[in-house]
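Written out below as structure tokens is the structure these notes cover.
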Amino acid sequence: MSFAFGIGIGTQNNKGEWLEVFYQLPVITPDNGLIEVARNVLGYQGGNQAIAVKPEQLKSLADGLRQIGQMEQSTLAAKAADSKRPVVVTLLDTDDTASSTPEVYLKLHLISSRQARPHELKLDGIFGLLPNLAWTNEGAVDLNELPDRQLKARIEGRTLEVKSVDKFPQMTDYVVPKGVRIADTARVRLGAYVGEGTTVMHEGFINFNAGTEGKSMIEGRISAGVMIGEGSDLGGGCSTMGTLSGGGNIIISVGENCLIGANAGIGIPLGDRCKVEAGLYITAGTKVALLDENNELVEVVKARDLASKTDLLFRRNSQTGAVECKSHKTAIELNEELHANN
């Protein structure tokens, strides 16, 4: 059984190098018949390959896919045969380290289309395969070719708008998952996993290989590698520390029905039904005073010792400045009306 398959329409620079690829119908664990058609039509011999294809090959691929009942993929191949942009068929026999830009884009599509969850795919080494690009109103542009493209647009009476300069594009230019609200789409990168029922407000941010399990309110930052549990609320300006921003090898996550207050942050995983007071940032080494039900000190521990434990309230003593932790049993309940019609 092969790992993944996708027919992609992409962009190349003047040197013929792939800049980005759009896969409308990426497939994880594709049917053996689909792979056999690719072998017969494209000469695929196994392994992980990104094969640039010509219109005649796409027409033959469409015919072969139609004969085995792969109607959606057949229709896509037929339409791609008329593409004015280059087309690639990417076949991944295994989830091995990617070796090409089309392979990386296929994996990112699989996550954003909810066919794979964060941490399930091998994404090491992808930064070296993702070129830093100008993302414009006319698509991806090689930075070395940008000045000429800008001049050409001006001469023709147009303006080439550069929306960002980054290795990752915004997710919604490639995938729009069912049942979500995203106020500012530029703040959700391709490769984000946005669970059904999620609302991402204007200041919310979701990085690649990170996301939400389901209904949640995101007004803060979800860093790479971080997953947010169902029913949790990330307040405005709050932060979750990812492995790319100093979290080391610790996988940060937030459990179900948690609340991270405005401008707060975490560098440890939270269990279910936890709260972090607004403005309080907890790192693994933060000294935390454990209090009993009478607010009496039990002991002082490092925050890492409380990682993934449930029903905790983290707060800062307004008189002493000490970080305190108490156990509580009240869950955070999101406003159902906000998420029912995403």
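The opening residue of the sequence shown carries number -4 in our numbering; numbering runs sequentially from there. Ideal Cβ positions, reconstructed from N, Cα and C, are used throughout, including at glycine. On a predicted model such as this, the values are computed, not experimentally measured, just so you know.
query, result
"Ser322 - DSSP class collapsed to helix/strand/coil", "strand"
"Identity of the residue in Leu229, Cys269, Leu71 and Gln62 nearest Val84 by Cα", "Leu71"
"Meets three-Cβ-pair contact criterion under 8 Å: the segment 219 to 227 and the segment 129 to 141", "no"
"Contact belief for Lys270 with Leu301 at Cβ below 8 Å, rounded distance in angstroms", "Not really, about 13 Å apart at Cβ, beyond 8 Å."
"Pairwise C-alpha distance: Tyr276 and Arg311", "10 Å"
"Beta bridge counterpart(s) of Val236 as assigned by DSSP", "According to the sequence provided, residue 236 is Met. The question's Val does not apply to it. Answer is none; Met236 lacks a bridge partner."
"Residues bridged to Ser248 (per DSSP)", "Met222"
"Within 8 Å, strictly: CB atoms of Tyr188 and His104", "no"
"Host alpha helix (DSSP H) of Arg144 (start-end)", "Leu141 to Ile150"
"Short Cβ contact (8 Å threshold) for Gly260 with Thr235", "yes"
"CB contact flag (Gly237, Ile255, <8 Å)", "no"
"Per-residue DSSP class, three states only, for Thr96", "helix"
"Anticipated Cβ contact below 8 Å, Asp90 with Leu60, distance rounded", "Rounded, the Cβ-Cβ distance is 23 Å, inconsistent with contact."
"Extent of the continuous alpha helix (DSSP H) run through Asp58", "Pro50 to Gln62"
"For Thr194, three-class secondary structure by DSSP", "strand"
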